[in-house]
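Peer 1: Just passing along the structure, written as structure tokens.
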Amino acid sequence: MDNTSENKLELEPEVLDESAAVENATGHPLPFSFAKRNGVLIREFTDGIAQAVYRTGASPLGIAESRRFAGVPLKLTCISSEAFDEMLQQVYEQGSQMAMQMVGDLDDHTDLLQVAQELPEPTDLLESDDDAPIIRFINAVLTEAIKENASDVHIEPYENRLGVRFRVDGVLQEVLQTRRALAPLVVSRIKVMSKLDIAEKRLPQDGRISLKIAGRAVDVRVSTMPSGHGERVVLRLLDKQAGRLDLSSLGMDNKSQQMMDELIHKPHGIILVTGPTGSGKTTTLYAALERINDNSRNIMTVEDPIEYFIDGIGQTQV
């Protein structure tokens, strides 16, 4: 690789502690799409040098372009593809906090229908190069919710403010208050993303969004409800990775797990799984289905709605 003074690409000879590097990764001047496509990531800045990592097979031209983009010399270290993907996700999730601070850029007189309908539909939220404030706001809220392992996001307009609450471990906690003027813009944009009727504001609506956040596949169940101060929105986050847990990963003690395993293998009967919102009822049921899904029996489900699709099982939504 060219190591001229123009590019100043300095290879780091020592072995990087990948787990510590992922935990301490903090900053990024590179667009997510560029870093992901070229396999290079700026981990942090120290003493006027960009500490960068690249995965095996990274683009040399991409690394050189990273130097130009950063504006300072790069100190490079090669890491495994698995560690790179983990660090990429961590760094750009942290970047959502900056986007949270940009929600005050909107004009009170913005045409909400025009803004909501004209904003592009990004395939991956963090790959969007569009700096529209409403997109940055929604990106930040969803990314932060995933980072906090929230099961639900409540977007609630009040007389003088717009509140955002996350449900974590079954308990709602407020994470943001911002200007009331943002409420109709946020709701309209979410309706566009979930293919709901933007003009209908007097009736509740339900929809669904399938998207990626920092490379993670997430389904979002959307519910809107009219209120005295505008439409309230609840986003139920369904992490597709979480829906593939095994019974042994649910935190049961050995006795409870053995009892559950015996019950789900019985030829008849009923099992009631109860608990508050976000307590893991759906995850438990899907884990049980995964356990007995061995192609030796015909399994049919009736769901409202289908939250995760399981290969080999006939799932019906009512």
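Numbering of the sequence shown is given in UniProt numbering, commencing with residue 1 and proceeding in unit increments. Note that CB positions come from ideal geometry on N, CA and C, so glycine has one too.
1) Have a look at ARG189, PRO184 and VAL318 and flag the residue whose alpha-carbon is nearest the alpha-carbon of GLU307.
2) List the residues that DSSP assigns as beta-bridge partners of GLY207.
3) What separation, rounded to the nearest whole angstrom, lies between the Cα atoms of LEU172 and PHE166?
4) Count the C-beta pairs between the segment 273 to 281 and the segment 178 to 195 that are closer than 8 Å, then say yes if the count reaches three, no if not.
5) Give the DSSP-derived three-state secondary structure of GLY170 in the structure shown.
6) Starting from PRO184 and walking both ways along the alpha helix (DSSP H), at which residues does that stretch end?
7) For GLY62, report the span of its alpha helix (DSSP H) as first-last.
8) Could you check what DSSP says for ARG161 in three-state terms: helix, strand or coil?
9) How many whole angstroms separate the CB atoms of ASP219 and LEU238, which I take to be in contact at a CB cut-off of 8 Å?
10) Within 10 Å of its beta-carbon, does PRO267 have 16 or more other beta-carbons around it, so buried, or fewer, so exposed?
11) Taking only three categories from DSSP, how would you classify MET259?
12) Would you call the CB atoms of ARG180 and PRO157 closer than 9 Å?
13) I need the straight-line Cα distance from residue 370 to ARG297, nearest angstrom please.
14) Can you say whether SER81 is buried or exposed, counting buried as having 16 or more other CB atoms within 10 angstroms of its CB?
15) From GLY163, PHE45, VAL91 and TYR54, pick the residue whose C-alpha is nearest to that of VAL72; which is it?
Peer 2: With the structure as the only source:
1) Taking the Cα of GLU307 as reference, the smallest distance to any Cα among ARG189, PRO184 and VAL318 is reached at VAL318.
2) DSSP links GLY207 through a beta bridge to VAL222.
3) Straight-line Cα distance between these residues: approximately 5 Å.
4) Too few Cβ pairs lie closer than 8 Å, so no.
5) Secondary structure at GLY170: coil, using DSSP grouped into helix, strand and coil.
6) Membership of PRO184 in the alpha helix (DSSP H) is indicated by the continuous run 182 to 193.
7) The continuous alpha helix (DSSP H) containing GLY62 extends over residues 60 to 70.
8) Coil at ARG161, not helix or strand.
9) Right, their Cβ atoms sit about 4 Å apart.
10) Exposed, by the Cβ-count rule.
11) Helix.
12) At the C-beta level, ARG180 and PRO157 come within 9 Å of one another.
13) Not covered by the structure: residue 370. The range shown for the chain is 1 to 318.
14) So SER81 counts as exposed.
15) With distances taken between Cα atoms, VAL72 lies closest to PHE45.
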